[in-house]
Amino acid sequence: MKREIPLIITSIAGIVFAVSYFIPHYPFGKAENIFGDWISIVSAFAIWLGMLNLGEVSLRKIIRKTEGWQLGVIVLVSMLVMLIIGFSSVFNAISSGTSHMAPGTGLKWMYDYTFSPLSATMFSMLAFFVASASYRAFRARSLEATLLLVTAFFVMVGRVPLLDPIVNALGITDFPFFSAVADWIMTYPNSAGQRAIMIGIALGITSSSLRIILGIERSHVGGDA
Amino acid sequence: MADASPIGIFIAGVLTLGIFSFLYKDNPVYKVCEAIFIGVSAAYWAVEYFYSALYKKFWLGVIPPEGSGADPDMWLWGGAILGVLMLCRMIPKINWLSRWPLAFIVGATAGLYMMTFFVSNAMNQIASTMQPLIQDTFLATLGSFTVAIGTVTGLIYFFFSKEHKGIFGGAAKVGIWFLMVTFGASFGYTVMSRMSLLIGRLDFLFSSWATNFGQMF
Amino acid sequence: MGNTLAIIGMALLGLSLIYVLYRTIIGNPVSRRVVFVYVAFAAGLPLFMDLLPPVHVTPDVQALVDALEELPPNSKILAAFDYDPPSAPELQPMAEAFFKMAFKNDLDVIVMGLWPQGPQQADQAIAAALLDPDVQAMNPQYGIDYVNLGFQSGNEFVIQRMGSGFKAMFSRDQRQTPYDSIPVLQNIVNFSNIDFVMNFSAGKPGTVEWVQFAVDRFGATLGAGNTAVQAPQIYPYLRANQMVGLLGGMSGAAEFEKALGMPGAGSTMLLSQISTHAIVILFIIIGNTAYFRTRKRKNG
Amino acid sequence: MSRLSRLSISRKTFLTSLLSLLVFAAYSAPLLAQDSDISVTDSTSAELEGAPAAPTNVLAVDHKYDIGEAVDVSWDLSFDDTAGMRNVAGYIIYRSVAGSAEFDSIGAVFSLTSSFADIGLTRGETYQYSVSSYTLSGQVSEPIVSAEVTTEREWFDWDEVWVFILLVLIGGSVMYFIYHARKGKQMFLRKIAGLQAVEEAIGRATEMGRPILFIPGIHDMDDVQTIAGMTILAKVAKQVAEYESRIFVPTRASLAMTAARETVREAYMTAGRVDAYRADDIYYVTDEQFGYVAAVNGIMTRDKPATCFYLGAFFAESLILAETGNSIGAIQIAGTAQPAQLPFFVAACDYTLIGEELFAASAYLSGEAKQLGSLKGQDVGKVIAMAAVLIGAVLATLGSEEGMNIETFRGAFHGIWSVFGGGQ
Chain A
-11 MKREIPLIIT SIAGIVFAVS YFIPHYPFGK AENIFGDWIS IVSAFAIWLG MLNLGEVSLR
49 KIIRKTEGWQ LGVIVLVSML VMLIIGFSSV FNAISSGTSH MAPGTGLKWM YDYTFSPLSA
109 TMFSMLAFFV ASASYRAFRA RSLEATLLLV TAFFVMVGRV PLLDPIVNAL GITDFPFFSA
169 VADWIMTYPN SAGQRAIMIG IALGITSSSL RIILGIERSH VGGDA
Chain B
95 MADASPIGIF IAGVLTLGIF SFLYKDNPVY KVCEAIFIGV SAAYWAVEYF YSALYKKFWL
155 GVIPPEGSGA DPDMWLWGGA ILGVLMLCRM IPKINWLSRW PLAFIVGATA GLYMMTFFVS
215 NAMNQIASTM QPLIQDTFLA TLGSFTVAIG TVTGLIYFFF SKEHKGIFGG AAKVGIWFLM
275 VTFGASFGYT VMSRMSLLIG RLDFLFSSWA TNFGQMF
Chain C
37 MGNTLAIIGM ALLGLSLIYV LYRTIIGNPV SRRVVFVYVA FAAGLPLFMD LLPPVHVTPD
97 VQALVDALEE LPPNSKILAA FDYDPPSAPE LQPMAEAFFK MAFKNDLDVI VMGLWPQGPQ
157 QADQAIAAAL LDPDVQAMNP QYGIDYVNLG FQSGNEFVIQ RMGSGFKAMF SRDQRQTPYD
217 SIPVLQNIVN FSNIDFVMNF SAGKPGTVEW VQFAVDRFGA TLGAGNTAVQ APQIYPYLRA
277 NQMVGLLGGM SGAAEFEKAL GMPGAGSTML LSQISTHAIV ILFIIIGNTA YFRTRKRKNG
Chain D
2 MSRLSRLSIS RKTFLTSLLS LLVFAAYSAP LLAQDSDISV TDSTSAELEG APAAPTNVLA
62 VDHKYDIGEA VDVSWDLSFD DTAGMRNVAG YIIYRSVAGS AEFDSIGAVF SLTSSFADIG
122 LTRGETYQYS VSSYTLSGQV SEPIVSAEVT TEREWFDWDE VWVFILLVLI GGSVMYFIYH
182 ARKGKQMFLR KIAGLQAVEE AIGRATEMGR PILFIPGIHD MDDVQTIAGM TILAKVAKQV
242 AEYESRIFVP TRASLAMTAA RETVREAYMT AGRVDAYRAD DIYYVTDEQF GYVAAVNGIM
302 TRDKPATCFY LGAFFAESLI LAETGNSIGA IQIAGTAQPA QLPFFVAACD YTLIGEELFA
362 ASAYLSGEAK QLGSLKGQDV GKVIAMAAVL IGAVLATLGS EEGMNIETFR GAFHGIWSVF
422 GGGQ
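Residue numbers (the working numbering), protein chains in the order written: chain A, -11 to 213; chain B, 95 to 311; chain C, 37 to 336; chain D, 2 to 425.
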């Protein structure tokens, strides 16, 4: 039973969403709407589960004094601070009928001055890693890799006015040549390759979804047995 | 930011530099910033989802505020029950119950994806490849041929039932070339994206933060 | 002063690359940290310059601008903000230009987000747009000319559900006002009441999902601004006419600003963008020159 | 937009009608409020003499394939809207519930428009429509009445029948091949380079006494790529258990953690080493993308895994992961269906499963009938796709100037379908 019920749930949910494409109204439309609402709610619980899990892991680290437990304290403290500030902003918003993110709220402050710069900076470090990968890893080892790099070159010089102003100033061309080349690459060969990938992926997803719905694929409920 | 807080901007700048310190080497300052980040972001997501899904969607759905004229939507309880089952993961004895919501999400996604990917990514893309090969301009004609040939040979590369030999192998080879051009384009665009992010951060450090810094001290 | 120094700095930076080339060729490549320093200068120095590079508006950007400019006053635009602060340097200039254009042309904008941070980014963009004198002349009002419905969890399921009714997913706006009492939302039931969907996207859920659901299922007209990472994957949809136009990355933002005639952050940062492209290309060339020289020596 | 679904066109029409209704209401509400034999104050214009010609051929049909709450009204344009003397400004549409002679105005559209969609009706009710043309000065023609129409609810959206047929065809071949594979029929699969390296890579890690890192992407279980990653994880974990090595699986999504634990435990059980299974090695880190990457980076630099697997959905982190993996000298096997990240994996990893190869790998590794069968079924789909692209492009070149599009597609299927009496 521990395995059958989840399989039945999977099939029902899958059939509702698949069939409602063809039978969009009664009764599948209604069921689809209900299930759609459920997904919103369940995903919130999943996020909470994740946070609770992080809290548990950090707490265990601190209690057991495993290496780096001090960081666990920082994780836990910043999590609690954010939770307290966040919830006070949310409850304030609910009771006073304003936005929980209005300027001046604690949540907005935390968002602007901690969450936002931290995540943005994390992301921006990629610029450095891209450059070092370009210097150390990207090699025209084969015809394939060469094609990749040459295309990358044309796209990088074509998408910003890097070479076009120079060639135009030198009078070699009188139109943005590299921009046009980049455009052509993006519109045709890029689209073709993307399309082959997309069609392949779509067929793959179609067949694996079918297997999941029909209960042939059951790794998500714990293997095949 | 009209209502900018000087202390806030100062802290933001310090955190930014703290993260960047990783570029020199992994160090305690970076680790502390990272830990703050992990804690703050986990809680941030939890608060946002609480507000949007649990309060706005669920709570206001089952207990509509007076005067809104809406009927309580009792169906929403189903989602809440599934959600609570998911939290059972935390309790070892009954953690098998958390498979139910998992099964629900997997099934719903499979059903939805089957249709959307089949229609949007397969059917519509195939249909839009069926363009006349001869176009008004030479470049467009060349482009149409390129798209048709690239799409077909690309698909051949992803064909698994036949060894890549002979003409078929040749076509698969052309296919991988197209894929490499596609990847090259992606590479170029990704570089562009990454650099933009860095420029954004440096702009913050040089303008908002530096100005603020000057005003604070 | 800063301008001259920055230009001199850039020139020195370029010249010093010869040394990097030499080091690399003799088989003693510079460390990662040196590369990092180059990147930092290449991105940072141009911020002190006041040159504006010539921008060429590409057809995909022009198509989007045309479609937006054609909308008659009081058209309803659904603006979906699906990005977070890390992608702001690319998407925020687009969003600001978009709001300026929408407010100037008296279009009604309904903001929502599939990413929790999206609606906040939209608020920031609106605040920036409201500083523009031309926009202030139009005096757009919250609730009447624009509204922020906030974030809703559920990813693409949200769009799917919106097909039968927006209200089911957004019973209240971000300021707690019930859907029915917001003037700009009067008569808006689902996508059939929306004239244009504008999506700002940094990943998933994002433009792909908007194409798959809002366009392919509910017949919406879609335009999008994407981070450059996402943009190449969006081209097939663009070519298949599943959307009308596309802005890709910071250069897309600069082109958008130019086509709308309102230069902003995208245009001013473009110089940094150009110099970082140059540095990456040069690094690839240096790396490969060394690579081919050593290979030749081994073979020969 | 014209080559999108027919549905979208009718929505567009509806939208236009709605817009024109608003504009019209603003313009002429005061005029309409009065009787139609409004006295004319300005008689200089010739067009004011008498009402414009009425539209003709007014048809009202139940809107197809809906829940039964819409009627499509259409008509032929008034003579005066095209060639006549008087300028028709638009049309007014009236509706009556069957049996009642009372027609209420329900909307208006601009000139040169010949259709109107009336939505929000009651299912099973019978209605009658009439349409008048009007001029800007308020002259309204006599209304032309349509036949009665009853709203119906249809279950199946016949517009989508061609999707259904192709889906059944491809889904059917998937099922057929799975059935055959189950019966033990051998199925040929071409070699996939990345896969042949898996066993060797695990062996190497064991020899070096270093752990293995497995990242099932950063998406949750609602992504099929994650599920494919999990299938490969099952195989990898089984081998790790047999070799008595150790595997770390940090996840970004809580559901993925749940699934990964189940998968790895199951694998250890199959290998008969359930005692060696460590649930703590498989854990949730954080939902924040870069918090997650930073943590994984930390794991890599601290524990120095000898082999790293990145199999699933990846975004910006692909580059950092691969670069860090390179710096610690790990063998890296990657696979994703995210086109934007493939370049970095191709460049920095030892083996990369490109797009669908990820799903093929999952089939190949498990040797499972269901996966092998689906691959074969998908290949059928690819043959159909390739044929459609080639034949379609040739036909489009030889045939119309506009080219084939989805409407042609639908039209063809509709034709075939109606021959067999379907769809009505």
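The beta carbon of each residue, even a glycine, is placed where N, CA and C say it ideally should be. Every value quoted in this text rests on a predicted model; they were computed, and no experiment measured them.
Return the CA-CA distance between B:S36 and B:Y138, expressed in angstroms with no decimal places. For chain B, the structure presents residues 95 to 311; residue 36 of chain B sits outside this window and is missing.
When the distance is taken between beta carbons, is A:M186 closer than 9 angstroms to B:A216? yes
How many whole angstroms separate the CB atoms of C:I322 and A:L137, which I take to be in contact at a CB cut-off of 8 angstroms? The pair is not a contact, with the Cβ atoms about 13 angstroms apart (cut-off 8 angstroms).
Alpha carbon of C:G259 to alpha carbon of D:V384, nearest angstrom: 33 angstroms
Would D:F25 pass as an interface residue toward chain A - the criterion being a Cβ-Cβ separation below 9 angstroms? Here D:F25 scores only 37 on pLDDT, less than 50, and its place in the model is too uncertain to base an answer on.
Determine the chain A residues that contact B:P166 at a beta-carbon separation under 7 angstroms, and present them in chain order. What B:P166 touches in chain A: nothing, since even the nearest Cβ is about 13 angstroms away.
Across the stretch 216 to 232 of chain C and the stretch 181 to 190 of chain B, are there enough close Cβ pairs to call them in contact, namely three or more that are closer than 8 angstroms? no
Using 9 angstroms as the threshold, is the C-beta distance between A:V30 and B:P195 below it? Yes, the pair counts as a contact, with Cβ atoms nearer than the cut-off.
Which of helix, strand or coil DSSP assigns to D:V41: Interpretation of D:V41 is limited by its pLDDT of 36, a score under 50 that renders its predicted location unreliable; the figure taken from the coordinates is listed afterwards. In the structure shown, D:V41 sits in coil (DSSP, three-state: anything other than H, G, I, E or B).
Name the chain A residues that come within less than 8 angstroms of B:F341, Cβ to Cβ? Residue 341 of chain B cannot be examined here, being either before or after the span of chain B that is shown, 95 to 311.
The beta strand (DSSP E) that contains C:V145, what's its start and end? D144 to G149
Exposure of B:N306, with buried meaning 16 or more beta-carbon neighbours within 10 Å: Buried.
Less than 9 angstroms between CB atoms is the rule here; does B:I215 satisfy it with respect to chain C? The amino acid occupying residue 215 of chain B in the given sequence is Asn; Ile does not appear at that position. The Cβ of B:N215 sits closer than 9 angstroms to at least one Cβ of chain C.
Quick check: A:G38 and C:G190, are their CB atoms within less than 9 angstroms of each other? Result no, Cβ atoms of A:G38 and C:G190 do not sit closer than 9 angstroms.
Within this structure, are the beta carbons of D:P212 and B:S280 separated by less than 9 angstroms? no
Run of the alpha helix (DSSP H) containing D:P251, from where it starts to where it stops: Not the alpha helix (DSSP H): D:P251 falls in the beta strand (DSSP E), residues I248 to T252.
Counting only Cβ pairs nearer than 8 angstroms, list the residues of chain C close to D:A341. At a C-beta separation below 8 angstroms, D:A341 has these neighbours in chain C: V265, Q266, P268 and Q269.
Using CA atoms only, rank isn't needed, just tell me which of C:L83, C:S123 and C:E105 is closest to C:L306. C:L83
Unbroken stretches of the beta strand (DSSP E), 3 residues or longer, contained in the stretch 318 to 373 of chain D: 332 to 337 and 352 to 355
Contact set between D:F1 and chain C, taken where Cβ atoms lie within less than 7 angstroms: Residue 1 of chain D cannot be examined here, being either before or after the span of chain D that is shown, 2 to 425.
Contact set between A:D25 and chain B, taken where Cβ atoms lie within less than 9 angstroms: K151, F152, G155, D167, W169, L170, G172 and G173
Pick from D:A55, D:G368 and D:L168 that is closest to D:W76, judged by C-alpha positions: D:A55
Sort B:T231, B:V123, B:A304 and B:M286 by Cα distance to A:V145 and report the nearest one. B:M286
Opposing strand residues paired with C:P214 [DSSP bridges]: C:R208
List, in order along the chain, the chain C residues whose C-beta lies closer than 7 angstroms to that of B:A147? Neighbours of B:A147 on chain C, chain order: S189.
Distance, Cα to Cα, D:R262 vs C:P109? 56 angstroms
From C:L100 to A:M70, what distance separates their C-alpha atoms? 40 angstroms
Length of the line joining the Cα atoms of A:L95 and C:G38: 38 angstroms
Quick one: list the residues of chain B neighbouring D:V225, beta-carbon separation under 7 angstroms, in chain order. Y207
Could you give the C-beta distance for D:I248 and D:L322, rounded to a whole number, given that I count them as a contact under 8 angstroms? 16 angstroms between Cβ atoms; not a contact.
Let me check one thing: in DSSP terms, what residues is C:Y182 bridge-paired to? C:V145 and C:Y178
Alpha-carbon spacing of D:V72 relative to B:L181, whole angstroms: For D:V72 and B:L181, the gap between their C-alpha atoms comes out near 48 angstroms.
Taking only runs of the alpha helix (DSSP H) that begin and end inside the stretch 189 to 217 of chain B, which ones reach a length of at least 4 residues, in chain order? 193 to 210
Does the Cβ of B:F272 have 16 or more other Cβ atoms within 10 Å, making it buried, or fewer, making it exposed? buried
How is C:S111 classed by DSSP in three states: helix, strand or coil? coil
May I ask you to verify whether the stretch 182 to 202 of chain C touches the stretch 130 to 150 of chain C, counting CB pairs closer than 8 angstroms and requiring at least 3? yes
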